[in-house]
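Encoded as structure tokens, the structure appears first; notes follow it.
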Amino acid sequence: MSWNEKSVALDYHTYSGDDGASADFEGLRPLYQTGHGILGLADQIGQTNTTDLSLHFKWNQDENSSWGLAYHMFSASEVAAGMDDDLGDEIDLTYSYQYSDDVGFDFGYAAYGEGNTTATGVSGRDANFMWVTTNVSF
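Taken in order, the sequence shown gives residues 287 to 424; the numbers are from the working numbering.
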């Protein structure tokens with residue numbers, strides 16, 4: 287994508303789950319949890335019993351800088367009868383600046399708001415996460 291271009295994407299990801307109706311676990315058990323780039327940058331949602339509908343916007347402001355914005359809506363793939371499937375929402379904001387051919391900076395902020403706690407049985411998982419990364423190649 288060249289500078290001053292914009293892109294919009296709509297993503298849908300679903301991972302099998304377990305509704306708790308039997309003693310056997312019937313959900314996906316990934317060997318390595320790699321949801322960071324897929325299921326939001328706050329890392330609050332795993333790749334088991336999860337459905338994610340997300341909207342992404344990217345803007346290359348100029349040849350050295352770009353902005354990203356993503357909104358995720360998480361729900362449980364399977365729940366027991368009478369349970370709510372809302373796992374929460376997340377907003378991710380990123381900014382990247384390429385200082386030179388060898389040095390770049392990434393700034394980001396992620397805010398996760400927990401949904402209805404009956405889906406997870408856990409409460410108080412709202413999260414805010416901010417980072418700065420320096421990338422140097424030589």
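C-beta atoms are modelled at their ideal positions from N, C-alpha and C, and glycine is treated no differently.
Per the C-alpha coordinates, the member of Arg411, Leu379 and Gly399 positioned closest to Leu341 is Leu379.
Counting only residues of its own chain and dropping the five nearest sequence neighbours on each side, Ile331 has a CB closer than 6 Å to the CB of Leu325 and Phe360. Residue range Ala413 to Val422 is occupied by the beta strand (DSSP E) that includes Val418. With respect to the 8 Å criterion, Asn290 and Asn346 are classified as neighbours on the basis of their beta carbons. Straight through space, the alpha carbons of Leu355 and Arg411 are spaced by roughly 22 Å. Ser293 has Lys344 as its beta-bridge partners, per DSSP.
Shown here, Ile324 sits in coil according to DSSP, grouped into three states, outside any helix or strand.
Between Tyr398 and Ala328, the beta carbon gap of about 4 Å places them in contact (Cβ cut-off 8 Å). Here Gly401 carries a coil assignment [DSSP, helix/strand/coil].
Val389 and Asn335 have their C-alpha atoms some 39 Å from each other. Of the candidates Tyr298, Ile377 and Tyr301, the residue whose Cα lies closest to the Cα of Asn414 is Ile377.
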